[in-house]
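Okay, structure first, notes after.
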Amino acid sequence: MALQLKRRLHILREKYRGKKMAPAFNALHTFLYTPNDTTHGRGTHVKAVDDLKRTMNTVIMALVPCLLFGMFNTGYQHYSAINGFPENFSVFEHFLTWDNFWLGAVTVLPLVIISYGVGLAIEFLFAVIKGHEVEEGYLVTGMLVPLIIPVDTPLWMLVIAVAFGVVIGKEVFGGTGMNILNPALTIRAFLFFAYPTWMSGDKVWVHGAVERSNEIAAGANVDAISGETVLGYLAAGNTEGIAAKYDLADMFFGFIPGSIGETSTFLILLGGLFLIFTKIASWRIMVSAVIGSLVMGLIFNGAVAWEWIPEYSKFYGLMSFEFWQHLLVGGLAFGIVYMATDPVTGSQTNRGKWIYGFLIGFISVMIRVFNPGYPEGVFLAILLMNVFAPTIDHYVVRGNVRRRMKRAQNATIHPKLTEESEALKVETV
Amino acid sequence: MALLSKKDANLILDPLADNNPITIQVLGICSALAITAELKASVVMAISVLFVMGVGNVVISLMRNVIPSKIRIIVQLIVVATLVIVVDQVLKAFAYELSKTLSVFVGLIITNCIIMGRFEAFALGNGIWRSFLDGIGNALGYGVILIIVGFFRELLGSGTLFGIPVLGDPITKTGLYSIGYENNGFMIIPPAALIVVGIIIWVQRSRNRALIEEA
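Order-wise, the sequence lines are chains A and B. Using the numbering used here, the first residue of the first sequence is number 61, and each one after it goes up by one. Using the numbering used here, the first residue of the second sequence is number 105, and each one after it goes up by one.
Shown next, in the form of structure tokens:
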């Protein structure tokens with residue numbers, strides 16, 4: 061049956077070769093099956109035989125644990141908000157339960173389906189109109205999008221945002237590989253600025269909270285539930301330790317409210333190591349971004365330690381937040397591992413990658429602290445650096461050219477060996 | 105007999121389509137971004153520019169043979185400034201609220217590149233009637249884009265047109281809002297205007313491929 065389908069598709073593909081709909085059939089064919097003709101590892105110029113599809117699939121594999129964890133966490137946060145958090149928390153008893161997973165699956169999967177459905181439909185449409193092949197670039201974007209939005213994002217908003225992000229963020233520049241901005245972050249930025257009430261606050265991070273507050277407003281007799289993110293809690297000016305609410309293990313393993321896939325720093329770390337190990341993502345960007353955020357966090361901690369910031373200041377809560385804990389909360393870790401390392405929109409040169417990554421970490425923490433309106437600055441920092449990445453590369457390349465020019469000018473040209481010196485050499489040897 | 109000869113008619117029609125000051129020449133963008141969040145402000149801005157350009161082009165055309173070329177920019181500036189002050193005072197007298205919305209941008213008509221551009225490029229070298237038509241044409245071309253952008257931004261951003269709710273009431277949840285629709289806050293902020301103008305440019309150039317510049 062499967063083979064028949066493949067053969068049928070193959071025949072269709074041959075039939076439509078050179079016609080207007082050809083890219084659509086080609087794409088369906090390569091999407092479902094291993095393409096018949098790939099790059100062979102024979103030529104001397106071929107450094108790696110990974111095609112785009114392989115690269116993208118590797119990233120998706122690194123994302124799947126985050127997605128599954130997000131489903132469990134959706135259920136866990138929802139039921140905990142209603143019934144209270146369990147006293148003696150055990151992962152198997154309270155977290156990895158069928159109830160949690162089921163609730164998570166029915167709320168998260170529609171987001172995934174919408175993200176892929178709308179995005180791929182637009183990709184197909186543009187491929188047919190413009191007559192180029194459909195690239196696999198959207199496979200990762202489509203997976204990233206549901207992971208970086210709150211669980212209760214209305215589906216129609218996601219449809220609009222994905223359409224906007226794919227068309228304005230990617231297709232107008234010429235499709236996969238030509239985009240300036242990361243499409244997934246463009247989609248998130250659009251949602252954030254278009255529908256801010258659905259993207260921040262203490263209601264959107266727990267499934268059902270918005271619905272309940274609407275029911276209460278309509279006069280129903282249910283308890284309100286809410287769940288703030290750690291950053292939201294701090295940005296609201298709560299200065300007493302966050303430890304009262306969540307301990308470090310909660311933050312590290314991700315049993316906290318937040319966007320669907322970004323809460324578990326542990327799984328993100330594993331995904332990051334996997335991507336570094338398979339050489340898909342740049343370790344330089346990851347390392348430098350971590351350093352950048354630590355440096356900015358240290359500066360803020362220092363400002364608090366030297367008492368430059370009075371306790372009544374609205375920045376006090378976030379500034380006194382331990383510098384390394386910034387990496388555990390919010391989307392910073394997720395952004396660094398999966399978004400900043402996007403090979404298309406990031407810096408290409410090695411030195412550029414260090415600068416690019418460092419500034420992402422640095423600016424992310426800065427936005428977090430200084431703008432309480434944007435408790436999550438990571439997506440803005442990455443988008444900003446996406447814009448600057450070509451400039452960074454330009455200057456790195458220029459710098460390299462200048463250095464080599466200088467070296468060439470200062471180089472002493474060795475005098476020709478005369479018979480005399482040759483003899484001397486023989487003697488000394 | 106036609107009202108305008110074909111050549112004269114083109115002076116008005118060209119800027120409306122294939123030589124649009126905003127989408128083709130990419131002039132006057134600042135005001136297009138700043139004041140198009142509401143349709144009403146867009147329309148008033150369009151009318152103000154129409155007045156300033158129509159009258160300004162005629163005045164410059166009248167003086168074109170007596171302006172020493174070394175100080176022509178200053179003379180042009182004085183002409184625009186005078187006209188803009190007239191517009192500003194009229195707005196303050198008859199539409200005070202609106203003049204507050206438009207705030208500094210009425211004053212900034214003085215520096216609108218389209219106006220100076222037409223003075224320099226056209227009115228200084230052409231007769232009164234043709235200069236007048238050219239001014240009207242370019243102001244209309246500018247106004248059309250302003251109104252299109254303003255229409256989409258106000259409709260999608262606030263759910264109103266000229267301040268009248270057309271999609272229902274967001275607070276009492278009537279009309280579209282009863283099924284969960286929400287206003288798009290992104291359309292209110294100036295970057296949205298940039299994107300709407302960009303989309304207009306995109307549509308226009310894909311309809312008429314001759315307009316695409318060589319890269």
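Beta carbons are placed, not taken as given, at the ideal position from N, Cα and C, and that holds for glycine.
Cβ pair residue i, residue j closer than 9 angstroms
i                    : j                    : result
methionine 445(A)    : alanine 400(A)       : yes
alanine 221(A)       : isoleucine 240(A)    : no
proline 243(A)       : lysine 263(A)        : no
proline 83(A)        : glycine 191(A)       : yes
glycine 179(A)       : glycine 237(A)       : no
leucine 327(A)       : cysteine 126(A)      : yes
phenylalanine 418(A) : glycine 352(A)       : yes
leucine 171(A)       : threonine 213(A)     : yes
proline 119(B)       : glycine 221(B)       : no
glycine 225(A)       : valine 168(A)        : no
alanine 141(A)       : alanine 309(A)       : no
glycine 160(B)       : phenylalanine 223(B) : yes
leucine 143(B)       : arginine 176(B)      : no
leucine 154(B)       : leucine 212(B)       : no
leucine 131(B)       : isoleucine 218(B)    : yes
aspartate 206(B)     : alanine 145(B)       : Reading off the sequence, residue 206(B) comes out as leucine, not aspartate. Closer than 9 angstroms, so yes.
Whole-angstrom distance between residue j and residue i, CA atom to CA atom
i                    : j                    : result
asparagine 148(A)    : histidine 154(A)     : 9 angstroms
glycine 395(A)       : alanine 314(B)       : 42 angstroms
alanine 185(B)       : valine 156(B)        : 9 angstroms
glutamate 379(A)     : valine 429(A)        : The identity of residue 379(A) in the sequence shown is methionine, whereas the question assumes glutamate. When rounded, the distance between both Cα atoms is 6 angstroms.
threonine 354(A)     : leucine 387(A)       : The question names threonine, yet the displayed sequence has leucine at residue 354(A). If you take the alpha carbons of leucine 354(A) and leucine 387(A), they lie about 8 angstroms apart.
phenylalanine 312(A) : asparagine 274(A)    : 33 angstroms
tryptophan 265(A)    : isoleucine 320(A)    : 8 angstroms
glycine 272(B)       : glycine 406(A)       : 44 angstroms
isoleucine 442(A)    : serine 424(A)        : 8 angstroms
glycine 115(B)       : arginine 234(B)      : The question names glycine, but residue 115(B) in the sequence shown is leucine. Spanning the two alpha carbons is a distance of roughly 8 angstroms.
tyrosine 281(B)      : proline 274(B)       : 6 angstroms
threonine 127(B)     : valine 301(B)        : 7 angstroms
asparagine 160(A)    : isoleucine 174(A)    : 22 angstroms
threonine 409(A)     : tyrosine 416(A)      : 10 angstroms
alanine 297(B)       : phenylalanine 422(A) : 30 angstroms
tyrosine 49(A)       : glycine 314(A)       : No answer is possible for residue 49(A): the residues shown for chain A start at 61 and end at 489.
threonine 134(A)     : leucine 163(A)       : 7 angstroms
glycine 362(A)       : phenylalanine 381(A) : 11 angstroms
Chain A contact for residue i (CB, 9 angstroms cutoff)
i                    : result
glutamate 318(B)     : no
methionine 105(B)    : The predicted model places methionine 105(B) with a pLDDT of 44, which falls under 50 and marks its position as unreliable, so this point remains unresolved.
isoleucine 304(B)    : no
glutamate 286(B)     : yes
isoleucine 299(B)    : yes
isoleucine 293(B)    : yes
phenylalanine 290(B) : yes
Sequence-distant residues of its chain with Cβ nearer than 6 angstroms to residue i (five each side left out)
i                : result
leucine 260(B)   : Asn288, Met291
threonine 438(A) : Note on identity: in this sequence residue 438(A) is valine, with threonine being the wrong assignment. Closer than 6 angstroms at the Cβ level, and outside the excluded window around valine 438(A), lie Gly391, Leu392, Gly395, Ser424.
Extent of the continuous alpha helix (DSSP H) to which residue i belongs
i                    : result
glutamate 271(A)     : 269-277
proline 170(A)       : 158-190
glycine 130(A)       : 112-143
histidine 454(A)     : 438-470
alanine 225(B)       : 217-225
isoleucine 247(A)    : 243-254
proline 294(B)       : 294-311
lysine 144(B)        : 143-167
alanine 197(B)       : 176-198
phenylalanine 360(A) : 343-365
proline 119(B)       : 110-120
Cβ of residue i within 9 angstroms of any chain B Cβ
i                    : result
phenylalanine 28(A)  : Here chain A comprises residues numbered 61 to 489, so residue 28(A) is not present and cannot be evaluated.
proline 214(A)       : yes
isoleucine 220(A)    : yes
phenylalanine 253(A) : yes
threonine 257(A)     : yes
isoleucine 228(A)    : yes
valine 232(A)        : yes
methionine 379(A)    : no
methionine 445(A)    : no
methionine 217(A)    : yes
Sequence-distant residues of its chain with Cβ nearer than 8 angstroms to residue i (five each side left out)
i             : result
lysine 413(A) : Ser342, Arg344, Ile345, Ser348, Gly406, Ser407
Same chain, Cβ closer than 7 angstroms to residue i, neighbours up to 5 away in sequence not counted
i                 : result
methionine 105(B) : Because the pLDDT at methionine 105(B) is just 44, under 50, the model does not fix this residue reliably, and the value given afterwards should be weighed accordingly. Taken in chain order, the list of residues that qualify is empty.
isoleucine 120(A) : Leu199, Val200, Met203
isoleucine 340(A) : Thr115, Thr118, Val119
serine 152(B)     : Val191, Val210, Ile213
Short CB-CB distance (under 9 angstroms) between residue i and chain E
i              : result
leucine 358(A) : The displayed structure is made up of protein chains A and B, and chain E is not among them.
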